[in-house]
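Whatever position you read off the sequence shown (first residue = 1), add 10 for this note's numbering. Read through the structure below, which is laid out as structure tokens, and then see the notes.
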Amino acid sequence: MRWIVVDGIDGSGKTTHANWIREHYEHRGESTAIYLHPSSRLIGRLSRKSLQGSGKIMHMLAGAFFMVDVLNSLRIMKHDTGRYDNIIFVRYIMATAYLPGRLAVIGYTFFTRLLPIPERLLLVDIDPEVAFRRISARKEKKEMFEDIPQLTRTREKILSLADQSWKVIDNTFSDVESRRRLEEILAYWDSENRNSR
Numbered sequence: 011m012r013w014i015v016v017d018g019i020d021g022s023g024k025t026t027h028a029n030w031i032r033e034h035y036e037h038r039g040e041s042t043a044i045y046l047h048p049s050s051r052l053i054g055r056l057s058r059k060s061l062q063g064s065g066k067i068m069h070m071l072a073g074a075f076f077m078v079d080v081l082n083s084l085r086i087m088k089h090d091t092g093r094y095d096n097i098i099f100v101r102y103i104m105a106t107a108y109l110p111g112r113l114a115v116i117g118y119t120f121f122t123r124l125l126p127i128p129e130r131l132l133l134v135d136i137d138p139e140v141a142f143r144r145i146s147a148r149k150e151k152k153e154m155f156e157d158i159p160q161l162t163r164t165r166e167k168i169l170s171l172a173d174q175s176w177k178v179i180d181n182t183f184s185d186v187e188s189r190r191r192l193e194e195i196l197a198y199w200d201s202e203n204r205n206s207r
């Protein structure tokens, strides 16, 4: 089973890329599941509700609920391993970039040592102003990190956390270019997988 993580700031196009990955593998006859975070499960809904609030307490609650939601997805994935050829997590360890200041680095280091990390890590990067326009077009209730200063700070932290194990796609421009780059990454991952057999 392939396990792929798609991460990035709010409005970067993570879900779009996850759907393109699913299409890529389903075109080849492979079953694919996407686990979105926060999920539609109760704990995920509580995380999202906290994100729509403000202040330190809501920030802490959102983080705690998010972590439990992700741990629940890991548990579910364990049971789904034989059921799907591919499982895609939309949002995973880069959520630590939403922690304040240097806690982002500490959190990222801690969780990458504590949690399982797949070999296929995709970071969807985007200009914060473009992300903000996309978020505004959704006409959904804004979350606490969905303004240009917060998106900018979070993006800077994410880019500083992303090491060589991450493949980065700049999604600021056209879908055609982003999808072409994604196909290159998937081909690389698939050839790497064949070579390691």
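Just so you know, even glycine gets a beta-carbon here, dropped at the ideal spot from N, CA and C.
About 16 Å separates the beta carbons of alanine 114 and lysine 66, which is beyond the 8 Å limit, so they are not a contact pair.
Excluding residues up to 5 positions away in sequence, Ile158, Leu161, Thr162, Arg165 lie with their Cβ nearer than 6 Å to the Cβ of proline 138 in the same chain. Restricting attention to Ile103, Ala105, Lys88, Arg58, the CA atom closest to the CA of isoleucine 97 is found in Lys88. When the alpha-carbon of tyrosine 118 is set against those of Leu84, Arg148, Ser170, Ile14, the nearest one is in Ser170.
Collapsing the DSSP output to three states places asparagine 181 in coil. Annotation for arginine 12: the continuous beta strand (DSSP E) segment containing it runs 12-17. A check of alpha carbon separations from aspartate 135 across Ser22, Trp13, Ile14 identifies Ser22 as the nearest. Sorting Leu52, Ile31, Ser50 by C-alpha distance to the C-alpha of threonine 42 places Ile31 at the top.
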